[in-house]
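Just below is one structure, and these are the notes that go with it.
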Amino acid sequence: MTKEEQITAEGAIDRYADMVYRLALSQMKNQSDADDLFQEVFVRLVSHVQELQSWEHVKAWLIRVTINCARKHFELYWNKKVSYLEEPELIADGNESYLMEEEHPVRVAVEQLPSKYRLIVHLFYYEQMSVSEIAWATQQKETTVKSQLFRAREMLKGLLEGDPDL
Amino acid sequence: MIEQYRKDMSEVHARTELIQRTKVAMKQEEERLGEKDSKEEGVQNESADHIIKVNSRIKRLWIPLSAAAAILILIAVPGVWSKSGTGTGRDIQTPARLGQADNNQPGFITNEPVAKGVTEVYEMPEEFENIKEIQKENVVYRVLYEKESDEWTAFIASENKMYLFTGEAVDEERFLQLAEAALKEAE
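Quick note, the sequences are listed as chains S and F, same order.
Just so we're aligned: 126 in this note's numbering is position 28 of the first sequence, and the numbers increase by one with no gaps anywhere.
Just so we're aligned: 36 in this note's numbering is position 9 of the second sequence, and the numbers increase by one with no gaps anywhere.
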C-alpha cells in the first residue's frame, strides 16, 4: 500500500476538507459554526479511522458524521431559535470564499430552504450522490428522500421563479 | 441553474488556516487516545499481577492447610476406630509418639515424600507416551501414578540424559519437587 493509499486521518483531511467544509457550510449557514463543525468531524475521525477500510468508506463516514453533528447542533435550544432568525449571510473570507446574493442567486435560494431540504439538494446536486446513498447517509427511507427532493425542487422553482433545469 | 449551484459551491474551500488548526487538534486527540490506551494497558497489567499474587497466596495456603487436615485425620481416625472396636474405651492409650514423627516404625503413615530410586534410561518407556509433558527449566517431566502401589514414577528428560525416578508423595506437585531434587543429585 502506497503512502497515498494508506488511510490516515491526516490523509482524509487532505482529500476531503473541501467536501466536509461545503457540507458544513450548507448546513450551518455561517462560517463560524461551519468551522466548528469541520473541526469536530475530523477530530472524531481520529478515533475511528482504523475501522474504515477504503477512501470510499472514509468519505461516506465523513458525510454521515457531518450530518449528525449538524443535527445535534440544531437540537440545542439556542440554535433552534437563532437559525430561524438568520438570513443568508455574506461569507467574505479574503480570496478563498465569497458569497453575494446578486452573484449567486441559486446558492442563496438553496440556503433559504429548510435544513432537511437544503441537505438533500446539496448531496444530490453537488455531491452527486444517489437516492440510496443519501438515504444511508441521512438514516432515512429512500421514499422519504425522494419526496424531500421533490418538495425541495418545488420550493426552489418558486424561489427562482420556475427554473426549467430543476 | 443546478450547474450554477455546482459552480458556486466549487468556489467554497476550507481555509488553509482552518485545516492547519484542525490538524493540530487531531494530533492532540491522537496523543490523548495514546495516553488513554497506555493507561488502560497499565490497569490491565496491574490486575493480572493481582490475580497472580492471589493465586500464589492461595497455593501457599493450600499446602499447610492440607497438611493440618491430614494430621487431624491421623489423630482422630485411629482414636475413633479403637474406641468403637473395644466398646469400653478403657484400653485406649495415648501413643507415646504423639506429635513426634518416627518414620522407622513399621506402618507409620507420613506426609513426607520419599524418594525410592533414580535409574538412567536410554529411551522413554511406552507407558509415558500419552502423558502430558511438564516443562521446568529445560527439563521435561512425565509423571505416572500407580494406585495399587501408591507410587509415583517420573520419566525425566534433561538436556543430556534420561531417567526414571520412583517415589512416594501425597500429590504430584510434591513428587515433582522430589524428582527435581533427585535429578540435581543424579547429575
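The beta-carbon is built from N, C-alpha and C at its ideal position, and this holds for glycine as well.
Could you tell me whether any Cβ in chain F is nearer than 7 angstroms to the Cβ of residue i?
i, result
"Gln-129 (chain S)", "no"
"Leu-257 (chain S)", "no"
"Phe-140 (chain S)", "yes"
"Leu-205 (chain S)", "A small fix is needed here, since residue 205 (chain S) is Arg in this sequence, not Leu. Yes, contact with chain F."
"Ala-65 (chain S)", "This structure does not reach residue 65 (chain S), given that chain S is present from 99 up to 264, and the question cannot be answered."
"Gln-210 (chain S)", "no"
"Asp-134 (chain S)", "no"
"Ala-107 (chain S)", "yes"
"Gln-137 (chain S)", "yes"
"Tyr-269 (chain S)", "Limits of chain S in this structure are 99 at one end and 264 at the other, which puts residue 269 (chain S) out of reach."
"Tyr-215 (chain S)", "no"
"Arg-120 (chain S)", "yes"
I'd like to know whether the C-beta atoms of residue i and residue j end up nearer to each other than 7 angstroms.
i, j, result
"Met-151 (chain F)", "Phe-192 (chain F)", "no"
"Leu-143 (chain S)", "Tyr-114 (chain S)", "no"
"Asp-10 (chain F)", "Arg-205 (chain S)", "Any answer about residue 10 (chain F) is impossible in this case: the structure gives chain F only from 28 up to 214."
"Ala-235 (chain S)", "Arg-162 (chain S)", "yes"
"Met-53 (chain F)", "Ala-107 (chain S)", "yes"
"Gln-137 (chain S)", "Thr-43 (chain F)", "no"
"Ala-209 (chain F)", "Ala-142 (chain F)", "yes"
"Glu-199 (chain F)", "Val-170 (chain F)", "yes"
"Glu-156 (chain F)", "Lys-188 (chain F)", "no"
"Val-145 (chain F)", "Ala-213 (chain F)", "yes"
"Ile-105 (chain S)", "Leu-150 (chain S)", "yes"
"Leu-205 (chain F)", "Pro-140 (chain F)", "yes"
"Ala-41 (chain F)", "Tyr-119 (chain S)", "yes"
"His-220 (chain S)", "Ser-124 (chain S)", "yes"
"Cys-167 (chain S)", "Leu-135 (chain S)", "yes"
"Val-141 (chain S)", "Glu-56 (chain F)", "yes"
Using the rule of at least 16 other Cβ atoms within 10 Å of the residue's Cβ for burial, across every protein chain shown, is residue i buried or exposed?
i, result
"His-146 (chain S)", "exposed"
"Trp-89 (chain F)", "exposed"
"Glu-209 (chain S)", "buried"
"Leu-121 (chain S)", "buried"
"Ala-207 (chain S)", "buried"
"Thr-180 (chain F)", "buried"
"Thr-164 (chain S)", "buried"
"Phe-248 (chain S)", "exposed"
"Ile-85 (chain F)", "exposed"
"Val-39 (chain F)", "buried"
"Val-139 (chain S)", "buried"
"Tyr-32 (chain F)", "buried"
"Asp-133 (chain S)", "buried"
"Gln-148 (chain S)", "exposed"
"Ala-103 (chain F)", "exposed"
"Ile-111 (chain S)", "buried"
Please check if any C-beta of chain S sits within less than 7 angstroms of the C-beta of residue i.
i, result
"Met-36 (chain F)", "yes"
"Arg-33 (chain F)", "yes"
"Met-151 (chain F)", "no"
"Glu-62 (chain F)", "no"
"Ile-183 (chain F)", "no"
"Ile-29 (chain F)", "yes"
"Glu-57 (chain F)", "yes"
"Met-53 (chain F)", "yes"
On the three-state DSSP scale, how would you describe residue i?
i, result
"Val-166 (chain F)", "strand"
"Met-117 (chain S)", "helix"
"Met-253 (chain S)", "helix"
"Tyr-149 (chain F)", "coil"
"Lys-143 (chain F)", "strand"
"Ala-246 (chain F)", "Because chain F here runs from 28 to 214, residue 246 (chain F) falls outside it and cannot be looked at."
"Leu-221 (chain S)", "helix"
"Thr-106 (chain S)", "coil"
"Met-189 (chain F)", "strand"
"Ile-161 (chain F)", "strand"
"Leu-171 (chain F)", "strand"
"Glu-231 (chain S)", "helix"
"Glu-199 (chain F)", "helix"
Is residue i a contact residue of the ligand HEM, with contact defined as CB to any heavy atom under 6 angstroms?
i, result
"Arg-162 (chain S)", "Ligands in the displayed structure: none, and consequently the ligand HEM is not present."
Members of the region 39-50 of chain F near chain S, C-beta cut-off 9 angstroms: Interface annotation for the region 39-50 of chain F against chain S: Val-39, His-40, Ala-41, Arg-42, Thr-43, Leu-45, Ile-46, Arg-48, Thr-49 and Lys-50, criterion Cβ-Cβ distance under 9 angstroms.
Selection of the region 144-174 of chain S by Cβ proximity to chain F, strictly under 8 angstroms: Against chain F - using a Cβ distance shorter than 8 angstroms - the residues of the region 144-174 of chain S are Val-144 and Ser-145.
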